[in-house]
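K.L.:
Residue numbering for the sequence shown follows our numbering, starting at 1 and increasing by one per position.
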Amino acid sequence: MMSRMAGNRLVVVGQGYVGLALAVRAVEVGFDVVGYDVDADRIKSLAAGHSFVEDVRDVALRAALATGRYRPAAAFDDVDGFDVAVIAVPTPLREGVPDLAYIEAAVQSLADLLQPGATVILESTTYPGTTEELVAPILEQGSGLVAGSDFHLGYSPERIDPGNPAHTLVTTPKVVSGVDPRSLAAVRGFYDQLVDRTVPVSAPRVAELTKLLENTFRHVNIALVNELAMFANDLGIDMWEAIGAASTKPFGYLRFTPGPGVGGHCLPVDPSYLSWQVRRRLGQSFRFVELANDVNDHMPDYVVRRLVAALNRQGKAVLGRRILLLGVSFKRNVGDCREAPSRRIARLLADMGADLRACDPHVALGEFPSGVTPVELTTDELAAAEAVVALVDHDAFEPQMVARHARYVLDTRGWLPTGENVERL
Ligand SMILES: NC(=O)c1ccc[n+]([C@@H]2O[C@H](COP(=O)([O-])OP(=O)(O)OC[C@H]3O[C@@H](n4cnc5c(N)ncnc54)[C@H](O)[C@@H]3O)[C@@H](O)[C@H]2O)c1
Numbered sequence: 001m002m003s004r005m006a007g008n009r010l011v012v013v014g015q016g017y018v019g020l021a022l023a024v025r026a027v028e029v030g031f032d033v034v035g036y037d038v039d040a041d042r043i044k045s046l047a048a049g050h051s052f053v054e055d056v057r058d059v060a061l062r063a064a065l066a067t068g069r070y071r072p073a074a075a076f077d078d079v080d081g082f083d084v085a086v087i088a089v090p091t092p093l094r095e096g097v098p099d100l101a102y103i104e105a106a107v108q109s110l111a112d113l114l115q116p117g118a119t120v121i122l123e124s125t126t127y128p129g130t131t132e133e134l135v136a137p138i139l140e141q142g143s144g145l146v147a148g149s150d151f152h153l154g155y156s157p158e159r160i161d162p163g164n165p166a167h168t169l170v171t172t173p174k175v176v177s178g179v180d181p182r183s184l185a186a187v188r189g190f191y192d193q194l195v196d197r198t199v200p201v202s203a204p205r206v207a208e209l210t211k212l213l214e215n216t217f218r219h220v221n222i223a224l225v226n227e228l229a230m231f232a233n234d235l236g237i238d239m240w241e242a243i244g245a246a247s248t249k250p251f252g253y254l255r256f257t258p259g260p261g262v263g264g265h266c267l268p269v270d271p272s273y274l275s276w277q278v279r280r281r282l283g284q285s286f287r288f289v290e291l292a293n294d295v296n297d298h299m300p301d302y303v304v305r306r307l308v309a310a311l312n313r314q315g316k317a318v319l320g321r322r323i324l325l326l327g328v329s330f331k332r333n334v335g336d337c338r339e340a341p342s343r344r345i346a347r348l349l350a351d352m353g354a355d356l357r358a359c360d361p362h363v364a365l366g367e368f369p370s371g372v373t374p375v376e377l378t379t380d381e382l383a384a385a386e387a388v389v390a391l392v393d394h395d396a397f398e399p400q401m402v403a404r405h406a407r408y409v410l411d412t413r414g415w416l417p418t419g420e421n422v423e424r425l
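1. Under 8 angstroms by Cβ, that's how I've got Gly261 and Arg413 pegged, so tell me the actual separation to the nearest angstrom.
2. Please state the DSSP three-state secondary structure of Gly431.
3. Can you tell me the Cβ-Cβ gap for Ile237 and Val225, rounded? I've got them flagged as a contact below 8 angstroms.
4. Looking at the unbroken alpha helix (DSSP H) that takes in Gly142, where does it start and where does it end?
5. Could you check whether Tyr70 and Ala111 sit closer than 8 angstroms to each other, using their CB atoms as the reference points?
6. How would you write the range of the beta strand (DSSP E) that Pro181 sits in, first residue to last?
7. Please work out which residues of its chain come closer than 7 angstroms, Cβ to Cβ, to Glu133, disregarding the five sequence neighbours upstream and downstream, and give them in chain order.
8. How big is the Cα-Cα spacing for Ala40 and Phe52?
9. Could you give the first and the last residue of the continuous alpha helix (DSSP H) run that contains Asp297?
10. From Val97, Leu356 and Arg322, pick the residue whose C-alpha is nearest to that of Leu279; which is it?
11. Spatial neighbours of Leu145 within its chain, please: C-beta separation below 7 angstroms, excluding the five flanking residues on both sides.
12. What are the boundary residues of the beta strand (DSSP E) that includes Ile87?
13. Are the beta-carbon atoms belonging to Glu339 and Gly163 less than 8 angstroms from one another?
14. For Pro162, verify whether its CB is less than 7 angstroms away from any heavy atom of ligand 1.
15. Would the region 205-218 and the region 227-236 be scored as touching if the rule is three or more Cβ pairs under 8 angstroms?
16. Any chance you could list the alpha helix (DSSP H) runs of at least 4 consecutive residues sitting entirely within the region 174-259, in chain order?
17. Suppose only complete runs of 4+ residues qualify. What are the alpha helix (DSSP H) ranges in the region 350-397, listed by chain order?
18. Can you tell me where the beta strand (DSSP E) with Arg71 in it begins and where it stops?
19. Relative to the C-alpha of Ala105, which residue among Tyr36, Arg188 and Gln284 is closest?
20. Can you determine whether any heavy atom of ligand 1 sits closer than 7 angstroms to the C-beta of Gln450, and answer yes or no?
21. Looking at Ala203: is its Cβ nearer than 8 angstroms to the Cβ of Ser177?
22. Do you know how far the Cα of Met401 is from the Cα of Asp411?
23. Who does Phe151 pair with in a DSSP beta bridge?
24. Would you check whether ligand 1 has a heavy atom nearer than 7 angstroms to the C-beta of Thr91?
25. Compare the beta carbon distance of Val86 and Glu123 with 8 angstroms and say whether it is the shorter of the two.
26. Does the Cβ of Tyr17 lie closer than 7 angstroms to at least one heavy atom of ligand 1?
27. In its own chain, which residues sit with a C-beta less than 7 angstroms from the C-beta of Pro417, not counting the 5 before and 5 after it?
28. Hey, could you find the ends of the beta strand (DSSP E) Val422 is sitting in?
29. Taking only three categories from DSSP, how would you classify Asp112?
30. With Ala118 and Gly16 assumed to form a contact (beta carbons below 8 angstroms), what rounded beta-carbon distance in angstroms separates them?
31. Val13: buried (16+ other C-beta within 10 angstroms of its C-beta) or exposed?
32. Under a Cβ-count criterion, where at least 16 other Cβ atoms within 10 Å of its own Cβ denotes burial, should Phe251 be classed as buried or exposed?
33. Following a CB-centred definition, is Gly335 positioned closer than 7 angstroms to any heavy atom of ligand 1?
34. Given that a residue counts as buried once 16 or more other Cβ atoms are within 10 Å of its Cβ, and exposed if not, what is Gly366?
35. Can you tell me where the alpha helix (DSSP H) with Asp336 in it begins and where it stops?
36. With a CB to CB cut of under 8 angstroms and the five nearest residues on each side skipped, what residues in its chain are close to Gly419?
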C-alpha cells in the first residue's frame with residue numbers, strides 16, 4: 001500500500017544539460033531539490049553559481065540557489081528520502097552497443113532511498129523496455145518494494161533543444177508514462193506542475209519509442225538531404241535552391257538542410273539504440289538507421305574532399321596552408337562539442353599538414369579539436385586564411401563580414417550570402 005502523499009522533495013540524478021534545466025525549473029515552481037551528480041567538480045561549480053549549460057543562465061542558477069531549495073550534491077549523505085526522483089544520466093554507445101551502466105548506477109543509488117509512495121522517473125534516452133525490464137527490478141531488489149503497488153515508476157523523454165529559445169522545457173509538450181495507471185497519474189501530476197502540457201501514453205515502452213522515433217526521424221531526413229546534396233553538386237544543380245522551393249509546400253514536406261555531419265549526444269547515438277534493440281530482439285536490421293549512419297558519418301570526409309577540390313582548382317595543396325574553421329560545436333549557438341563533425345574534419349586536415357585555426361565563441365578553449373589553434377574572428381584572420389570552412393552558423397558570426405573578407409569559403413550550412421568566393425556544400 002502507498003503510504004505517502006505526493007510531496008515536494010525532488011532528487012534529480014545527473015546535473016547535465018537535461019538534469020540541471022529540470023532541477024532549476026522545479027525549484028521555480030516550489031520543489032525542494034537535490035541535484036545529485038557523481039562529478040564533484042561540476043557540483044562545486046554549480047554550488048558557486050556557475051552554469052555550464054547555455055540554456056540555464058548563471059542568473060537563473062543563482063536565483064535557484066538563493067531560494068535555499070536547490071542543493072547541488074555529490075553524495076546522498078544527508079538525504080533521507082524523496083517524493084519524486086528523476087534520472088537524467090548519460091546513455092552512450094560503446095562500440096555500437098548501448099551502455100546502460102550510468103542508468104544502473106543511478107537507479108542503484110536511488111533504491112537505497114526509495115520509500116513507499118515515492119515516484120521514480122527515467123528521462124535518459126534509451127531503448128524500449130529499459131524502464132520495465134532494467135530499472136524496475138533494480139529498484140525492487142534494492143528497496144524490497146514493488147513497482148506499481150508500493151511506488152510509482154515511469155518514463156518521460158526529454159525534448160530539450162539546446163540553444164532554441166522558441167521551444168523550452170516549459171513550452172514543449174512532455175510525453176509521460178507509467179508502469180500502471182497510478183504511476184502514470186503520479187508522473188503526469190509531477191510534470192503538470194513544470195510544463196504547459198503533458199501527453200500521456202499507455203506504457204513506458206511507448207514513451208521510450210516515441211523519443212527514438214523523433215530522433216531517428218531527424219537523423220534519416222538529414223541523411224536524405226546530405227546524400228542528395230552530394231549528388232546535386234555532382235549534377236551541377238543548386239540543392240539549396242531546391243530545398244527553398246520545396247519548403248514553400250504547405251503540406252507533406254518538412255524542411256531539413258545538409259550539413260557537415262551530425263553531432264551532439266542525440267543523433268549520432270539514439271537511433272543506434274533502436275537498431276540494436278531490433279537486431280537483438282527480432283534478429284533484423286533496421287536498414288534506415290544503418291543507411292542514415294553511413295551517410296551522416298561520411299559527411300566530414302565529404303567536406304574535406306570538397307575543400308581539397310576547391311584548393312586543387314587554384315593549384316594549391318593543403319600542406320602548409322592556413323585554414324580557418326568557423327565554428328567547432330555541433331550546432332548553432334551552443335558550446336557542446338560532443339561528437340561534433342569538426343573533430344574529424346580537423347583531424348583529416350591536420351593529417352594533410354594544414355595550418356589549422358578555428359574560432360568559436362561558445363566553446364571553451366580546452367574543448368577545441370586537437371591540433372587546432374583557437375583564434376578570435378577578425379577581418380585579418382579571415383583574410384589571412386587560404387580557405388574558411390564554415391561549419392556552424394552561430395548568431396555571433398556576421399555572415400556579410402565573413403563573405404566580404406574571406407578569400408574562399410566552403411559554407412556547409414548554406415547561410416552565408418552566395419558569391420564568387422562562397423561555395424555551398
Ligand atoms: N542534451 C540534450 O539535448 C538531450 C536531449 C534529450 C535527451 N537527452 C538524454 O538525456 C540524458 C542525459 O543527457 P545530458 O545531455 O544531460 O548528459 P550530460 O552528460 O550533460 O549529463 C549527465 C550527468 O550525469 C552525471 N552522472 C553520470 N552517472 C551518474 C550517476 N550514477 N549518478 C549521478 N550522476 C551521474 C554525469 O556526471 C553528468 O554530469 C541522456 O540519455 C541523453 O540522451 C539529452
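Glycine residues also receive a C-beta, built at the ideal position from the N, C-alpha and C atoms.
P.N.:
Once the coordinates are examined:
1. About 12 angstroms; that fails the 8 angstroms criterion.
2. The chain is shown only over 1 to 425; residue 431 falls outside these bounds and no answer can be derived.
3. A Cβ-Cβ separation of about 13 angstroms leaves Ile237 out of contact with Val225 under the 8 angstroms criterion.
4. Ala136 to Ser143
5. no
6. Looking at the DSSP string, Pro181 is not in any beta strand (DSSP E); the run it does join, the alpha helix (DSSP H), is Pro181 to Asp192.
7. none
8. 14 angstroms
9. Arg287 to Arg313
10. Note that residue 279 is Arg in the sequence shown here, rather than Leu. Residue Val97 is the option with its Cα nearest to Arg279.
11. Leu114, Pro116 and Phe151
12. Val84 to Ile87 is the extent of the beta strand (DSSP E) around Ile87.
13. no
14. yes
15. no
16. 181-192, 204-235 and 239-246
17. 379-384
18. Tyr70 to Ala73
19. When C-alpha distances from Ala105 are compared across Tyr36, Arg188 and Gln284, the shortest belongs to Tyr36.
20. Look at the range of the chain in this structure, 1 to 425, and you will see that residue 450 is not part of it.
21. yes
22. 14 angstroms
23. Ala147
24. Residue side-chain check: Thr91 places its Cβ nearer than 7 angstroms to a non-hydrogen atom of ligand 1.
25. Going by beta carbons, Val86 and Glu123 fall inside the 8 angstroms limit.
26. Correct: Tyr17 has its Cβ closer than 7 angstroms to ligand 1.
27. Pro399, Gln400 and Ala403
28. Val422 to Arg424
29. coil
30. With a Cβ gap of about 23 angstroms, Ala118 and Gly16 do not count as contacting.
31. buried
32. Classification of Phe251: exposed, given that the 10 Å Cβ count is below 16.
33. no
34. exposed
35. Unbroken run through Asp336: none, as it is neither H nor E.
36. Answer for Gly419: Ala403, listed in chain order.
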